[in-house]
Amino acid sequence: MAVSIEDVEILKPKTDKREYRRIVLKNSLQVLLISDPDTDKCAASLNVGVGSFCDPVGLEGLAHFLEHMLFYASEKYPLEDSYLKYITEHGGSTNAFTASEMTNYFFDANTDCFEEALDRFAQFFIKPLMSADATMREIKAVDSENKMYLLSDERRMSQLQKHLSLESHPYHKFGGGNCDTLDVRPKAKGVDTRQELLKFYEDKYSANLMHLVVYSKESLDKIQSLVEDKFQEIQNSDRSRFQFSSQPCTSEHLQILVRAVPIKQGHKLRIVWPITPSIVHYKEEPCRYLDHLINHEGEGSLSYVLKKLGWATELYAGEDDRASEFSFFYVVIDLTDAGQDHMQEIIGLLFKYIQLLQQSGVCKWIFDELSAICETGFHYEDKISPIDYVVRISSNMQVIKSHPFHPIFSISLL
Ligand SMILES: [Zn+2]
84 MAVSIEDVEI LKPKTDKREY RRIVLKNSLQ VLLISDPDTD KCAASLNVGV GSFCDPVGLE
144 GLAHFLEHML FYASEKYPLE DSYLKYITEH GGSTNAFTAS EMTNYFFDAN TDCFEEALDR
204 FAQFFIKPLM SADATMREIK AVDSENKMYL LSDERRMSQL QKHLSLESHP YHKFGGGNCD
264 TLDVRPKAKG VDTRQELLKF YEDKYSANLM HLVVYSKESL DKIQSLVEDK FQEIQNSDRS
324 RFQFSSQPCT SEHLQILVRA VPIKQGHKLR IVWPITPSIV HYKEEPCRYL DHLINHEGEG
384 SLSYVLKKLG WATELYAGED DRASEFSFFY VVIDLTDAGQ DHMQEIIGLL FKYIQLLQQS
444 GVCKWIFDEL SAICETGFHY EDKISPIDYV VRISSNMQVI KSHPFHPIFS ISLL
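In this note's numbering, the protein residues as written are 84 to 497.
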């Protein structure tokens with residue numbers, strides 16, 4: 084049998100008329116097929132459970148560099164940029180990103196070119212070209228992305244926070260990569276980056292660690308036969324999932340104050356806690372409850388008080404920077420000049436508010452109200468574009484591999 088159709092009930096929004104089918108190809112590639120007769124775009128996203136946390140020591144950015152090398156040409160379609168040209172000529176777009184635990188490749192295009200677009204896409208994962216002459220060009224592309232990020236305060240603060248964690252934990256590393264980490268330093272040590280790249284690809288990219296979502300106007304049977312035909316040649320080495328279970332912060336990394344000079348004008352106060360990832364408690368979503376209250380702007384709220392005192396202009400709280408085994412909760416406050424002189428008091432007020440929440444416990448009517456809002460949001464959400472939808476679902480399919488009862492459509496309170 085070429086495929087097995089998984090016997091799982093797919094929980095979908097009430098208003099969703101699309102049809103879904105989940106299958107596993109004989110190479111263990113997990114696939115979700117979506118048929119939408121009303122769509123004017125087809126789309127696909129392939130998520131690989133390998134990200135920058137897998138970078139070898141001394142080759143920071145290798146997973147990101149592989150994303151670049153894999154996604155520009157294949158042996159079947161070797162002409163450089165012909166894929167991008169094909170997709171843009173057919174009304175579509177394509178991109179990829181490398182995160183800490185996953186790399187995601189995706190495209191959309193007009194529905195009439197579905198078959199060829201899918202074939203070109205599949206070939207990247209069957210036989211990517213990764214030619215030697217593209218090596219330097221793509222290292223430079225990675226480097227120029229990094230140069231751009233150097234101007235982003237958000238990126239700078241994120242890297243600073245990683246720096247203030249356990250050196251032995253993958254969270255500590257620099258995942259983006261640049262010329263220094265991918266060319267200058269390896270060369271000095273006699274390491275051939277391209278050879279390491281090929282080794283990394285052979286060793287880590289395996290169909291059983293991939294999740295594919297395909298969205299099309301065609302019927303589910305038609306999409307299924309195309310997917311079987313085009314994707315079953317992806318190599319499967321039955322690689323076990325990469326897991327990074329320890330916590331990146333120990334007591335020496337906590338209760339510290341760091342002052343950093345931003346590029347943009349203005350003052351931001353960021354208070355960060357390591358937390359259990361809320362996905363572990365996805366049915367209760369404790370972070371959603373907490374950020375709802377801490378973000379509240381009504382009279383008597385923290386935000387209201389800070390603004391009234393003239394110390395802050397904006398407050399944001401929520402979970403971010405999450406990984407499968409650890410996560411962080413942030414409170415970020417945009418301070419006024421006056422607010423900067425009252426930082427200690429602002430932190431004092433925040434902790435007083437948290438203490439108040441702890442003392443009053445979980446308030447049932449607030450939880451129920453929030454739960455009803457989330458449920459309505461899930462069932463009546465406006466259709467998002469096929470390309471965003473496939474990326475969201477393929478990423479979620481990887482997340483649910485470690486938390487198997489989580490619904491794949493939405494990380495929301497149900
Ligand atoms: Zn990139």
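We put the beta carbon where it would ideally sit given N, CA and C, even for glycine.
For GLY401, the secondary structure class from DSSP, reduced to helix, strand or coil, is strand. Taking the Cβ of HIS147 as the reference point, at least one heavy atom of ligand 1 falls within a distance shorter than 7 Å.
Setting aside the 5 residues that flank it on each side, ASP451 has no residue in the same chain whose C-beta is closer than 8 Å to its C-beta.
Per DSSP, reduced to three states, the secondary structure at ILE416 is strand. With 16 or more other CB atoms across the displayed protein chains lying within 10 angstroms of its CB, ASP266 is buried. Fewer than three Cβ pairs drawn from the segment 116–124 and the segment 237–253 lie within less than 8 Å of each other, which leaves the two stretches out of contact.
A straight-line Cα-Cα distance of about 6 Å links TYR399 and ILE416. Contact between the segment 180–189 and the segment 123–133 is present, with at least three C-beta pairs closer than 8 Å. At least one heavy atom of ligand 1 lies less than 7 Å from the C-beta of VAL225. Comparing alpha-carbon positions, the option among GLY174, SER329 and THR459 lying closest to LEU249 turns out to be SER329. Across the structure, TYR288 and PRO139 are spaced so that their CA atoms are roughly 15 Å apart. Relative to the Cα of LYS210, the nearest Cα in the group LEU162, LEU153, GLU228 and CYS262 belongs to LEU153. Contact between the segment 445–459 and the segment 101–110 is not established, with fewer than three Cβ pairs separated by less than 8 Å.
Rounded to the nearest angstrom, the gap between the Cα atoms of PHE325 and VAL388 is 45 Å. Relative to MET480, the option among PRO357, VAL274, VAL296 and ASP164 whose CA is nearest is VAL296.
Remark: the shortest separation between the CB of HIS375 and any heavy atom of ligand 1 does not fall under 7 Å. Excluding sequence positions up to five before and after ALA343, its CB lies within less than 7 Å of the CB of MET240 and LEU243, all in the same chain and listed in chain order. 8 Å or more divides the Cβ of LEU376 from the Cβ of TYR284.
Contact annotation, ILE346 with LEU234: C-beta distance approximately 6 Å; criterion of less than 8 Å satisfied.
Between ligand 1 and the CB of GLU143, the shortest heavy atom gap is not smaller than 7 Å. In this structure GLY141 touches LYS272 by the C-beta definition: roughly 7 Å separates them, less than 8 Å. By the neighbour-count criterion, in which a residue is buried when 16 or more other Cβ atoms sit within 10 angstroms of its Cβ, TYR463 is exposed. The segment 377–397 and the segment 419–439 touch, with no fewer than 3 CB-CB distances between them shorter than 8 Å. With 16 or more other Cβ atoms from the protein chains shown falling within 10 Å of its own Cβ, THR177 counts as buried. HIS336 carries a helical assignment under DSSP once its states are collapsed to helix, strand and coil. Put simply, the backbone Cα of TYR254 is about 43 Å away from that of SER302. The C-beta distance from LYS159 to GLN206 rounds to 5 Å, short enough to fall under 8 Å. Excluding the 5 residues flanking it on each side, VAL474 has same chain C-beta neighbours closer than 7 Å at SER128, ASN187 and PHE189, in chain order.
Sixteen is the threshold: since fewer than 16 other Cβ atoms of the shown chains lie within 10 Å of the Cβ of ASP216, the residue is exposed.
Where ASN291 is concerned, there is no enclosing beta strand (DSSP E), because DSSP gives it neither an H nor an E. Look at SER320 here: in three-state DSSP terms it is coil, with no helix or strand label. Not one heavy atom of ligand 1 is found less than 7 Å from the C-beta of GLU237. From the listed residues ASP286, ASP226 and GLN278, the smallest Cα separation to GLY260 is found for ASP226. Distances from the CB of HIS255 to the heavy atoms of ligand 1 are all 7 Å or more. In the three-state scheme derived from DSSP, where H, G and I count as helix and E and B as strand, GLU228 is classed as helix.
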